[in-house]
Amino acid sequence: MQMEANREQKTEFLMEIAEAPTTRLEAELAFRYLYRHLEEGLKRGVELNVLDVGSGLGEVAMRFAALGHKVTMLEPQACLLQTAEERAWQQLPDKVSAMRFLNERIENLEACLQDDFNLVICHETIEYVDDPLKALNIITRVLRPRGILSLVFLNRYGLVMEKVISEGNVKEAMEAFDMEEFPTRLHHGHGHLYSDTEMMALLDPLGYNLEGQYGLLVFSDFIDCSLFDEGQCYKGMLELEERAGQEPHLKGIGKFIQLICSKA
Numbered sequence: 031m032q033m034e035a036n037r038e039q040k041t042e043f044l045m046e047i048a049e050a051p052t053t054r055l056e057a058e059l060a061f062r063y064l065y066r067h068l069e070e071g072l073k074r075g076v077e078l079n080v081l082d083v084g085s086g087l088g089e090v091a092m093r094f095a096a097l098g099h100k101v102t103m104l105e106p107q108a109c110l111l112q113t114a115e116e117r118a119w120q121q122l123p124d125k126v127s128a129m130r131f132l133n134e135r136i137e138n139l140e141a142c143l144q145d146d147f148n149l150v151i152c153h154e155t156i157e158y159v160d161d162p163l164k165a166l167n168i169i170t171r172v173l174r175p176r177g178i179l180s181l182v183f184l185n186r187y188g189l190v191m192e193k194v195i196s197e198g199n200v201k202e203a204m205e206a207f208d209m210e211e212f213p214t215r216l217h218h219g220h221g222h223l224y225s226d227t228e229m230m231a232l233l234d235p236l237g238y239n240l241e242g243q244y245g246l247l248v249f250s251d252f253i254d255c256s257l258f259d260e261g262q263c264y265k266g267m268l269e270l271e272e273r274a275g276q277e278p279h280l281k282g283i284g285k286f287i288q289l290i291c292s293k294a
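Positions 31 to 294 (the numbering used here) are the ones given, in order, by the sequence shown.
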C-alpha cells in the first residue's frame, strides 16, 4: 500500500512539473531558439528525423511533429509518455503515424531502436541520468554527421541566483558555485550540476561544434507564475525572456542553459 501511495505521489509530482506555466514557457523558448538554427535547412526541404530524449509531455517534440517531421519520444516515466501520446492523438491525429512513443531510458536506446537521427532534443534530462558522459556518447552514436543536438540543463549560476533571491540562503548560494550535485525530488534525490563551460568540456571530445547558447527563464522563477495564465502577460513575458536569453550579460544566469551544437 505504501509503495502504491509513493508511486501515485511521484506521478502527481511529475505531472505538476510538466504542466507548470514555466514549463510551457521554457518549451516555447527552447523551440524558438532551436528553430532558428534549423530554419534555413527546413526552407530547402530538409526532412527531420527527431529523437526527443526524456521527452516528458512532448512540448517541443510535438511542435516538430506538427510541422510534418518524424518524431520519436523516449521517456522513462510511463505516466508522462502516456499523456503525451493521448495528446498527440487529440491534437495531431493525422501526424501520429509518423510518431513513436518509447517507454525507455537513454541507456537502453540502442537495444530497442535501430535508427539514426538528424536532430536530437535532450532537454532537462542529462542532469538526471546515472552517467551523463555515457548518455552523451549514446546520443552521439545515433546522431548523424552534421546533425544537431539541443541540450537544456539546470544552470549552476541560475541556481546561485535562486538560492539568493528566492530563498535568501547565502550559505547554499556559495555552496552552489562548487557542488557537483543538487538536491531534487527526482532521480534518487540528486542531480548533476553544470555550468555552460563544464558541459562543453564533456561535449568537446565528442566532436561537437557550438552553434548557439541561450539562457532559459532568466526572470520567470522570481515572479508570480499564475499571471502566465493571462494571455497578454504570457506574451509579454515570453518576449522579455526571449530577449534576455540572448543578451550576453543575462543569459548566463538563466535557470537553464540551452546549448545548440552540431556534430562534426
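We put the CB at the ideal spot given by N, CA and C, even for glycine.
Between the alpha carbons of Lys-100 and Leu-246 lies a distance of about 26 Å. Going by DSSP, Lys-100 is part of the beta strand (DSSP E) stretching over 100-104. With a contact defined as Cβ atoms closer than 8 Å, Ala-118 and Gly-88 qualify at about 7 Å. In terms of CA proximity to Gly-219, Asp-160 leads the group Val-150, Phe-286 and Asp-160. Under the 10 Å beta carbon count, Ala-231 is surrounded by fewer than 16 other beta carbons and is classified as exposed. Rounded to the nearest angstrom, the Cβ distance from Asn-199 to Ile-287 is 22 Å, too far for a contact under 8 Å. Judged by beta-carbon spacing, Leu-78 lies within the 8 Å limit of Leu-149, meaning their Cβ atoms are closer than that value. Gln-39 counts as exposed, since fewer than 16 other C-beta atoms from the protein chains shown sit within 10 angstroms of its C-beta.
Contact between the segment 273-288 and the segment 234-251 is present, with at least three C-beta pairs closer than 8 Å. CA-to-CA, the gap between Phe-183 and Leu-268 works out to about 19 Å.
When secondary structure is reduced to three states using DSSP, Ser-225 falls in the coil class, being assigned neither helix nor strand.
DSSP places His-67 within a helical segment (H, G or I) once states are collapsed to three. DSSP assignment within the segment 175-233 yields the following whole beta strand (DSSP E) runs of 3 residues or more, N-terminal first: 211-213 and 220-222. Straight through space, the alpha carbons of Met-129 and Glu-202 are spaced by roughly 43 Å. Nearest to Met-45 by alpha-carbon distance, out of Ala-108, Leu-104 and Met-103, is Ala-108.
Residue state for Ile-253 is assigned as coil, using DSSP reduced to three classes. Partner residues in the beta bridge of Gly-245, as assigned by DSSP, are Ile-287.
In this structure, the beta-carbon distance from Gly-86 to Leu-110 falls below 8 Å. Taking Cys-291 as reference, the option from Ile-178, Cys-255, Lys-281 and Tyr-187 with the minimal CA-CA separation is Ile-178.
For Asn-133, the secondary structure class from DSSP, reduced to helix, strand or coil, is coil. For Ile-169, no beta strand (DSSP E) encloses it; the enclosing alpha helix (DSSP H) starts and ends at 162-172.
Per DSSP, reduced to three states, the secondary structure at Ser-127 is helical. Cα atoms of Leu-236 and Val-172: separation of roughly 13 Å, rounded to the nearest angstrom. Pairing Asp-124 with Met-103 gives a Cβ-Cβ distance that is not under 8 Å. Taking all protein chains shown into account, Cys-142 has fewer than 16 neighbouring C-beta atoms within 10 Å of its C-beta and is therefore exposed. Nearest to Pro-106 by alpha-carbon distance, out of Ala-95, Glu-137, Glu-210 and Met-204, is Glu-137. Secondary structure of Leu-240 (DSSP, three-state): strand.
Annotated three-state conformation of Leu-81 is strand, per DSSP.
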